[in-house]
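**Q** Take a look at the following structure, please.
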Amino acid sequence: MRHPDRDQVIAQAYLSGAYTMAEIGGHFGVHSHDDKSRSAEV
Numbered sequence: 038m039r040h041p042d043r044d045q046v047i048a049q050a051y052l053s054g055a056y057t058m059a060e061i062g063g064h065f066g067v068h069s070h071d072d073k074s075r076s077a078e079v
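Under the working numbering, the first residue of the sequence shown is numbered 38, with each subsequent residue one higher.
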């Protein structure tokens, strides 16, 4: 089940500079670069 704030958390993780898109995608099970990019634009 997807967490309701998942996209916000992905965006915060990416914008923090502490994690790469690949690391974030691996953690959240997001494999498409487009999906990760879309989430990080929140």
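In this text, a Cβ means the ideal position worked out from N, Cα and C, and glycines have one as well.
Model, not experiment: these values are computed from the prediction.
1) Going by the beta-carbon positions, is the gap between Ile61 and Ala50 smaller than 7 Å?
2) If you follow the alpha helix (DSSP H) that Asp44 is in, where does it begin and where does it stop?
3) What are the boundary residues of the alpha helix (DSSP H) that includes Gly66?
**A** In this structure, then:
1) Taking the sequence shown and counting its residues from 1, one reaches residue 61 at position 24. Taking the sequence shown and counting its residues from 1, one reaches residue 50 at position 13. Going by C-beta atoms, Ile61 is nearer than 7 Å to Ala50.
2) Translated into positions along the sequence shown, residue 44 becomes position 7. Arg43 to Ser53 is the extent of the alpha helix (DSSP H) around Asp44.
3) In the sequence shown, counting from the first residue as 1, residue 66 sits at position 29. No alpha helix (DSSP H) contains Gly66, which DSSP labels as neither H nor E.
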